[in-house]
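Residue numbering for the sequence shown follows the working numbering, starting at 495 and increasing by one per position. For glycine and all other residues, C-beta sits at the position ideal for the given N, C-alpha and C.
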Amino acid sequence: MKICILGAGKMGTWLTDALCLDHEVAIYDPNLEKLKYIFNTQRLTKLEEIITFEPELLINAVTLKYTIAAFKEVVPYLPKGCIISDISSVKTGFQEYYEETGMRYVSTHPMFGPTFGNLKSLREHHAIIISEGDHLGKAFFKDFFGTLGLNIHEYTFIQHDETIAYSLSIPFSSTLVFAACMKKQDAPGTTFHKHLDIAKGLLGEDDYLLSEILFNPFTSGQVEKIRLKLKELLAIIEHKDMDKMKSFLSEVRQNIED
């Protein structure tokens with residue numbers, strides 16, 4: 495398959511490495527410096543070169559903030575039969591845009607987390623394929639993600655953002671609150687160090703990406719649950735109520751088992 499990837503960032507370059515041995519791949523980025531160490535792939539820096547390449551599939555891997563803008567810039571240079579796709583972590587507004595273009599599309603979300611793992615550990619990770627997409631496009635990504643050993647899930651656009659609000663917004667919010675309360679310690683414990691590593695990985699991500707995930711329309715309800723549970727825990731601590739603490743811990747353990 496002829497595949498063009500937009501953006502030579504972390505995910506864009508990973509995609510070229512993962513796809514170039516089985517497909518004819520090109521990567522487009524106007525910044526030639528970013529393409530310096532990309533091999534087995536055609537390197538494109540001008541939009542006109544996309545016309546010559548004639549991709550059958552376009553994977554938009556630019557930063558979430560510029561995803562739709564990048565589509566608008568590139569779509570006029572694509573063959574009519576090309577399938578356009580994104581790998582964004584928030585899908586708000588994407589369905590409407592795709593339908594406006596009149597082009598075949600497929601939307602996915604490789605959930606490798608804020609601290610991107612190497613290929614050897616991908617079997618522990620998950621990927622989402624949006625159900626409202628082109629049949630052949632979805633089949634391509636099911637096959638691609640399957641060969642990587644990823645756990646594949648299929649959700650609608652709305653179900654995706656609901657799921658992300660739970661699976662990302664809760665740990666992101668909890669980690670940010672932990673980091674916001676942090677102070678220098680001469681003898682931090684093991685648990686503290688583990689949380690610190692998570693916080694460093696999270697805060698190493700782009701501010702806009704973190705904001706967009708937290709601005710997901712379904713996030714506020716999840717964060718409200720955190721607030722209510724913290725309020726409950728604080729009351730137990732203030733009253734030193736051992737019976738309620740046991741009950742609280744039992745509920746938490748059951749949640750983890752479930």
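Coil, strand or helix - residue i by DSSP
{"i": "Y531", "result": "coil"}
{"i": "H517", "result": "coil"}
{"i": "N710", "result": "coil"}
{"i": "R598", "result": "coil"}
{"i": "E618", "result": "helix"}
{"i": "M676", "result": "coil"}
Beta-carbon gap between residue i and residue j smaller than 7 Å
{"i": "F606", "j": "I624", "result": "no"}
{"i": "A693", "j": "A674", "result": "no"}
{"i": "L558", "j": "L708", "result": "no"}
{"i": "P604", "j": "I577", "result": "no"}
{"i": "Y522", "j": "L500", "result": "yes"}
{"i": "C498", "j": "P549", "result": "yes"}
{"i": "I553", "j": "S583", "result": "no"}
Cα-Cα separation between residue i and residue j, rounded to whole angstroms
{"i": "G695", "j": "E590", "result": "32 Å"}
{"i": "K528", "j": "T535", "result": "13 Å"}
{"i": "F666", "j": "I731", "result": "24 Å"}
{"i": "K439", "j": "R747", "result": "The chain is shown from 495 up to 752; residue 439 falls before or after that span and cannot be answered."}
{"i": "D511", "j": "K504", "result": "11 Å"}
{"i": "I544", "j": "F712", "result": "37 Å"}
{"i": "S601", "j": "N749", "result": "31 Å"}
{"i": "L538", "j": "E706", "result": "29 Å"}
{"i": "Q679", "j": "R721", "result": "26 Å"}
{"i": "G627", "j": "D691", "result": "37 Å"}
Can you confirm whether the region 647-659 touches the region 683-698 when touching is taken to mean that 3 or more C-beta pairs between the two stretches lie within less than 8 Å? no
Count the CB pairs spanning the region 564-579 and the region 639-646 that are closer than 8 Å, and state whether there are at least three. no
Between the region 628-640 and the region 582-596, do three or more beta carbon pairs fall short of 8 Å? no
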